Amino acid sequence: MNFFIILYVVFIVSANLIGFLVFKKSKNLYLVALVILGLAGVFGVIGAIWAVSILEDGFAAFFGFNLASYLFFNSIIVLLFAFVGSIIKKIKE
Numbered sequence: 007m008n009f010f011i012i013l014y015v016v017f018i019v020s021a022n023l024i025g026f027l028v029f030k031k032s033k034n035l036y037l038v039a040l041v042i043l044g045l046a047g048v049f050g051v052i053g054a055i056w057a058v059s060i061l062e063d064g065f066a067a068f069f070g071f072n073l074a075s076y077l078f079f080n081s082i083i084v085l086l087f088a089f090v091g092s093i094i095k096k097i098k099e
C-alpha cells in the first residue's frame, strides 16, 4: 500500500507543478484552478486504471476516485486563492 501513497504524492505534486508552470506563463490563477480541475479527472482515471491493473480488483477503481477528489479540493483551494487575490487587487485600487 505504500506504493499507492507514493502515487498519490506524485500525482498531486505533478498537478500542482503543471499548474505552477501554467501560472508562470499566463499569470492567471483562474486558469490554474481550471487546469488542476481538468487534471483531477485525468489523473483520477489514470490512477483507477493503474490500481485495477495492479490489484486486479474492481473496487481498486475507488483509488482513482479518491485521488480525483483530493485534486478537486486542491483546485477549489486554488480558486479561493484567486478570489482572495482579486478582492485584494480591487481593494488596492
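Just so you know, we're using this note's numbering here: the sequence shown kicks off at 7 and counts up by one.
The beta carbon of each residue, even a glycine, is placed where N, CA and C say it ideally should be.
This structure is a prediction, so every number in the text was calculated from the model and none was measured.
Give the single residue among the options whose Cα lies nearest to the Cα of residue i.
i: residue 38; options: 93, 82, 95; result: 82
i: residue 48; options: 96, 9, 94, 18; result: 18
i: residue 67; options: 36, 80, 53; result: 53
i: residue 10; options: 91, 92, 59; result: 59
i: residue 6; options: 99, 36, 44; result: With the chain covering only 7 through 99, there is no way to say anything about residue 6.
Can you name the start and end residues of the alpha helix (DSSP H) that residue i belongs to?
i: residue 87; result: 67 to 98
i: residue 33; result: Counting along the chain, residue 33 falls outside any alpha helix (DSSP H), and DSSP gives it neither H nor E.
Can you say whether residue i is buried or exposed, counting buried as having 16 or more other CB atoms within 10 angstroms of its CB?
i: residue 25; result: buried
i: residue 16; result: exposed
i: residue 34; result: exposed
i: residue 89; result: exposed
With residue i and residue j assumed to form a contact (beta carbons below 8 angstroms), what rounded beta-carbon distance in angstroms separates them?
i: residue 46; j: residue 78; result: 5 angstroms
At the 8 angstroms Cβ level, is residue i part of the contact set with chain D, yes or no?
i: residue 42; result: In summary, chain D is missing from the structure at hand, where a single protein chain is found.
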